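Protein chains: 4
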Amino acid sequence: MPEIRIGMVGYQFMGRAHSNAFRQVGPFMGPKLVPRLKAICGRNAPAVERFARQFGWEDVETDYRRLVEREDIDLIDIGSPGDTHAPIAIAAAQAGKHVLCEKPLANTLAEARAMWEAVKKARVHHMVAFNYRRVPAVALARDLIQKGRLGRIYHFRGVYLQSWLLDPKLPRFWRMDRKVAGSGALGDLGAHVIDLARHLVGEISEVCADLETFTRERPLPENPKKMGKVTVDDMASALLRFENGARGTLEVTRFATGRENANRFEINGEKGALWFDLEDMNRLHFFDNATPEARTRGFADVLVTSGAHHPYWKHWWPGGHIIGWEHSFTHEVYDFLEGIARGRNAQPDFRDGARTQAVLESIAASAENRRWAKVPHVA
Amino acid sequence: MPEIRIGMVGYQFMGRAHSNAFRQVGPFMGPKLVPRLKAICGRNAPAVERFARQFGWEDVETDYRRLVEREDIDLIDIGSPGDTHAPIAIAAAQAGKHVLCEKPLANTLAEARAMWEAVKKARVHHMVAFNYRRVPAVALARDLIQKGRLGRIYHFRGVYLQSWLLDPKLPRFWRMDRKVAGSGALGDLGAHVIDLARHLVGEISEVCADLETFTRERPLPENPKKMGKVTVDDMASALLRFENGARGTLEVTRFATGRENANRFEINGEKGALWFDLEDMNRLHFFDNATPEARTRGFADVLVTSGAHHPYWKHWWPGGHIIGWEHSFTHEVYDFLEGIARGRNAQPDFRDGARTQAVLESIAASAENRRWAKVPHVA
Amino acid sequence: MPEIRIGMVGYQFMGRAHSNAFRQVGPFMGPKLVPRLKAICGRNAPAVERFARQFGWEDVETDYRRLVEREDIDLIDIGSPGDTHAPIAIAAAQAGKHVLCEKPLANTLAEARAMWEAVKKARVHHMVAFNYRRVPAVALARDLIQKGRLGRIYHFRGVYLQSWLLDPKLPRFWRMDRKVAGSGALGDLGAHVIDLARHLVGEISEVCADLETFTRERPLPENPKKMGKVTVDDMASALLRFENGARGTLEVTRFATGRENANRFEINGEKGALWFDLEDMNRLHFFDNATPEARTRGFADVLVTSGAHHPYWKHWWPGGHIIGWEHSFTHEVYDFLEGIARGRNAQPDFRDGARTQAVLESIAASAENRRWAKVPHVA
Amino acid sequence: MPEIRIGMVGYQFMGRAHSNAFRQVGPFMGPKLVPRLKAICGRNAPAVERFARQFGWEDVETDYRRLVEREDIDLIDIGSPGDTHAPIAIAAAQAGKHVLCEKPLANTLAEARAMWEAVKKARVHHMVAFNYRRVPAVALARDLIQKGRLGRIYHFRGVYLQSWLLDPKLPRFWRMDRKVAGSGALGDLGAHVIDLARHLVGEISEVCADLETFTRERPLPENPKKMGKVTVDDMASALLRFENGARGTLEVTRFATGRENANRFEINGEKGALWFDLEDMNRLHFFDNATPEARTRGFADVLVTSGAHHPYWKHWWPGGHIIGWEHSFTHEVYDFLEGIARGRNAQPDFRDGARTQAVLESIAASAENRRWAKVPHVA
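Residue numbers (the numbering used here), protein chains in the order written: chain A, 38 to 416; chain B, 38 to 416; chain C, 38 to 416; chain D, 38 to 416.
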């Protein structure tokens, strides 16, 4: 069985999720290229060594430059904070490695464009880890829309609601620091919503937005008696116009009491509608406006767990035995590896990542200027 | 406009519900016979007079015998406790009045049979007030089943869950007294479930049941320091066999913490399934197993509120503007009056009431004998 | 029992809803002033006479000027199209009648201000029929917020989604004509959302909005072969800033396939959150972030139907026996009449109506100018 | 790190689920004893070898007798059909191995008793794989009940609804053969419901039941033109009495159109209630009847995904990032291994398995005799 040797940067939340995906994709999904967990890279040597033992990485690096230069590595997977994406990805591409990069692709559109240029030039495979495209219910939604089951689309309504910042005593860590994270809820959560909107509805042409930071100072982790400035947004909302005439709304926040991971969308079209909620991710709700019998129309509560009928499911369990959040990464890695094996880039690629970045940057600009902003084109 | 003159017995809960129905059916539904609220009957003169003024009854009686003999009355509506149903209904039929009777039809099968014989002999119109047949979602369910949309039926699963007896300090009033009420949850709630089961699935041939009284003594209303015996069941559960081979379960209780009026059923057939919950009564959930596309199958959450498509709805509001529990009585009265106008008896009639009584009595017998009981036939 | 004599203008959808409210409030809620359905006014004499007979109005008028001048009328209820509200209401106030007016209060802020001045000057009682404040679940939401159960509010998320304009063959009637209706979804549905936002969260200071008309021509009702221009919006979306720092989003549309009457809001505060959906209007979902036990926190699905505990419910049925959309009008009329009896104006009054109008007008201006707009003050 | 060497029998559905659990428990949960996937056993050598490569088993056996005798194995995990459980488990115990056995423990109570005697005598650790006890929401339910949050329990209502037998063309494989499977829905699904009932409510003293086989002949897999007899039940329903006075109902079926894996229960007690549905397994619905404020009582929709507050969750992801069905096995294996490391048997053990078997056997006897049956005691 041909193998593909993985080098990964980052060993926190995303490091765990991606390591699991590379471990699980072999036994469950049987990709043509079997991933080998070659080396994991992090700056804190003891911590990264512990992580390597835990998840079965063969080797450890503490400098990403050494990692990308290793000849025994074919693919670099980037799961470190946003400000590190561009240098690592560009170095990896220049070293001829395929690149899988966490979202958002970069902290600025300029970085994202540079990354997209670098991978194009290096002719390596590249993907941005917008894992929610690989939730079976979302993949089904995409297919229904592509097959015209919604007809002309009128509305996109997307929110991503979390609440983990409610406590004002929560320390100011890197996600609240604009230099490292680029933005707050906007880049972290809004990037997912924008990617899904583009994936399901189409390109966004104009936006008008509002950003707010509800808690502007937080205790410093190193000294909780001192306060540090929060330099990113706690929430972002936006009105969207799509190239195809659809209208949208977006709201992302870390202050939505009662919601933990409510990545939800509803799409209403001429012939049908659908809605999805990540907190109940094994279901898709589909309203078929084209069924002949009007009196039984209603949103069908579809359990998207059938091996015979639903995307990705033949690799898992009998119908009704639900999968979890982590499986979206396994599917993502599978599609990326299959793309490499067939010489076809999987989506969303770095161009997609840059386009999403263009929307995010327009949202920030609109909020600054208090008027609508046109989304710049990424070719 | 021809009118029909109503005489009603009982002015409590059911008195209010039925008075409202007779008041509302005219303006909203426009029946051929317009009801005139002629006289209301109750034993407590001042209370019944107050009620008459409140709901617009023209006259008052304190003895049902006087009421049924009045020549200016065409229809007797019985909403008093169960032990009074048989004498009133039989007297009314003998006096040539049409009879609408609250459920359960009687406290015993013998009484119910006698009532059925009396109305048959008198050739008057008769109906039992199983109002839930007239909820639009239930009427839609019935029609889907009649049209074969479920195919052969395998399962009926019916519960009616309430919780108002949880507090042991609640006084022992007539509903806990077997002499007046006949039974407890079984007759009060179980009668509804049995009627729906018969209406939707078919006749029940055999039952096996369990009854229990969780709180066997309660304070007397007249003196809360004294305790009185609860002589009826607090809950009943039963296994059901239908003549057509379907199997069912039933559970009714007044001790279901968290549930107030959860009259729910689910029916699974070869070609489809449906479920309903009275606490969300404007919806029917329908699973169509016969749609060609398996991947979008799911229970459709049908808002049964379309004037163009749904039973009874053209008389009310635009789609989505929901109706309440009380409207089921207005529909019931409408169907009864339309039946009288056309000379056709509306269902469920007294034979239906007696058949449901036969099932209830078999459930009680089975619980007593701790084995299956055959349901006696009512011709 | 003292009575109050009602004169009503309009006998269509709102005419039915208000007539029902005036009929039902007496028997069920027992107000101090019992309404007498004195005269109903409409331009089509045979139609209005038919309606009067149906709902029990004593008399008929075909000119509102005659109606407001009648000495045997105490209260004018206006349910005709938006362009008629100002002249009728002002004439009624000048004639010393109390005024209940359908929403939106007027087609322009200038009209609304004039109406508010007129009722103030005439010292009559006045109310705008934002009936959703009187849904028990909404009234409970208001009380929880007023009592501080949500603490500081961060987010308001309001939508009102309908789909009845999806069919392009639906004729262009008065609701698609700006001269009569003022606006489309914005005034019809958005007014409700704005009123609820103000009622629950507080005054809105700034808005940024988008309007769209998806179907710009429709067949004329008088000649379906000819097309007429749709001069109102099919949908409106907006970002909202509240005076108290909360941020909001609003979306209203008549093109939301799958949704019929989805008037929904969610409010997230520091100490709690709640959400509501008019299509399931007997429930409120409340998340209490202040309960000591974190592990059992979740949105409580509260059936707001308890006579002992919930607003308006003691007048209706036992817990769990749900009420419908029309009951909100009965509650509204009750509160208005009780206010008159006690000499205290009920809310929302014409000043509220004018303030909501100010927000609607700012939304329209913002959409026109493609930038944020400040909401003008109404004193 | 001390390791524990696993030998597994069976490589189909349960083989995949258990292999995954042993692979995942190390990296995610960090048990004291790290499992080593030593040998997998199946009768079809090429198939079992393929499976071993796929999931990382070091070695392969084709005869369970050889497996249990291997000195390099500490724990035998049995996932083969029901008729093989007793011989394998007894042999394993006699060889001094710990035993994890799939449910139901055996095909008969006699076998189950023998297994329980064998492990007791051998003083090995033993567990029955009732994995649903390890769903975090179920573990939370158990803890709430144990802490008295429901008070005295009145009702248990358990169903396990599937629909995979609806198609009459589905071939008759081992699960429809009484000799191999012992029973049909009863043992496969009913065993889960009984185990949960015992775990959450207490021991069952008496049962009354009904069994039915809707499709009595099915095509033989080896020759679809020939029909074979289905010798097991397609559905089972039962009334239950618990030793503590609670009453219950149970229904399990493979003919519930629209339901795929609906393992649901509701429990109503004096002080609270809860319900759970495996198809939405990351939630528990809890009604707290003891909160002081009656007007906000409702079933709380608790997302059981908080590392800080919920069972097993600290090992997984941030709150709201849901887990799947397979994780219940990982938790189960973790608890079994931790029990071994600490010298304390984890539950449910073989005595629990035998007690559940006693209930299943009583259900079958009751259905046969058409009357109530007492559940025999297992000491």
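We treat Cβ as the ideally placed atom computed from N, Cα and C, and that holds for glycine. Note that the coordinates shown come from a computational prediction; the quantities given were computed from them, not determined experimentally.
In chain C, what lies closer than 7 Å to residue i by C-beta?
| i | result |
| --- | --- |
| A:Tyr191 | Phe251, Phe292 |
| B:Leu340 | Glu297, Glu316 |
| A:Phe336 | Gly295 |
Locate the alpha helix (DSSP H) running through residue i, then write down its first and last residues.
| i | result |
| --- | --- |
| D:Trp153 | 146–159 |
| B:Ser242 | Here B:Ser242 belongs to no alpha helix (DSSP H); instead the beta strand (DSSP E) covers 241–249. |
| A:Phe437 | Outside the shown range of chain A (38 to 416) lies residue 437 of chain A, about which nothing can therefore be said. |
Buried or exposed: residue i, going by 16 or more other Cβ atoms within 10 Å of its Cβ?
| i | result |
| --- | --- |
| A:Thr99 | exposed |
| D:Gln199 | buried |
| C:Arg160 | exposed |
| B:Arg150 | buried |
| C:Met38 | exposed |
| A:Glu398 | buried |
| B:Met264 | exposed |
| B:Ala147 | exposed |
| C:His364 | buried |
| A:Asp210 | With the sequence shown as reference, residue 210 of chain A is identified as Phe, and Asp is not the correct amino acid for it. Looking at its Cβ environment, which holds fewer than 16 other Cβ atoms inside 10 Å, A:Phe210 is exposed. |
I want to verify the contact list: residues of chain D whose CB lies under 8 Å from the CB of residue i, in sequence order.
| i | result |
| --- | --- |
| B:Arg284 | Asp247, Glu249, Met272, Ser274 |
| B:Trp409 | Arg407, Arg408 |
| B:Arg194 | Val196, Glu288 |
| B:Leu418 | Because chain B here runs from 38 to 416, residue 418 of chain B falls outside it and cannot be looked at. |
Starting from the beta carbon of residue i, find every residue of chain B whose beta carbon is closer than 8 Å, and list them in chain order.
| i | result |
| --- | --- |
| A:Ala331 | Ser343, Ala345, His346 |
Between which two residues does the beta strand (DSSP E) containing residue i stretch?
| i | result |
| --- | --- |
| D:Asn305 | 299–306 |
| B:Asp100 | Run containing B:Asp100: none; DSSP gives neither H nor E here. |
| B:Val267 | It is not in any beta strand (DSSP E) - B:Val267 carries neither H nor E in the DSSP assignment. |
| C:His322 | 320–325 |
Cα separation between residue i and residue j?
| i | j | result |
| --- | --- | --- |
| A:Phe373 | D:Asp247 | 52 Å |
| D:Arg212 | D:Asn81 | 19 Å |
| B:Asp96 | C:Val175 | 39 Å |
| C:Tyr349 | C:Tyr371 | 10 Å |
| C:Ala178 | C:Arg171 | 11 Å |
| C:His55 | C:His322 | 29 Å |
| B:Gly20 | B:Pro124 | The requested residue 20 of chain B is not part of the displayed model; chain B covers only 38 to 416. |
| A:Gly282 | A:Ile190 | 8 Å |
| A:Ile304 | C:Phe324 | 27 Å |
| B:Val156 | A:Arg296 | 60 Å |
| A:Lys75 | A:Ile113 | 10 Å |
| A:Lys18 | A:Leu223 | What is shown of chain A runs 38 to 416, which leaves residue 18 of chain A out entirely. |
| C:His229 | C:Val289 | 10 Å |
Give the interface partners of residue i over in chain A, defined as CB-CB distance under 8 Å, in chain order.
| i | result |
| --- | --- |
| D:Pro64 | Ser56, Asn57, Arg60, Gln91, Phe92, Gly93 |
Residues of chain A with a CB under 7 Å from the CB of residue i: which are they?
| i | result |
| --- | --- |
| D:His448 | Because residue 448 of chain D is not part of the residues shown, which for chain D are 38 to 416, the question remains open. |
Show which residues of chain C have a CB atom less than 9 Å away from the CB atom of residue i.
| i | result |
| --- | --- |
| D:Gly185 | Ordered by position in chain C, no residue passes the 9 Å Cβ test against D:Gly185, which lies about 13 Å from the chain. |
Which chain A residues sit within Cβ distance under 9 Å of residue i?
| i | result |
| --- | --- |
| C:Phe324 | Thr294, Gly295, Arg296 |
| C:Phe279 | In chain order: nothing, as chain A lies at least about 11 Å away. |
Subject >> Proximal residues, the stretch 295–318 of chain A versus chain D, C-beta separation under 7 Å >> reply: Of all residues in the stretch 295–318 of chain A, only Glu297, Asn298, Glu316, Asp317, Met318 come within less than 7 Å of chain D when Cβ atoms are compared, listed by chain position.
Subject >> Residues, ordered as in the chain, of the stretch 373–392 of chain A that lie near chain D by beta-carbon distance below 7 Å >> reply: The residues in question: there are none.
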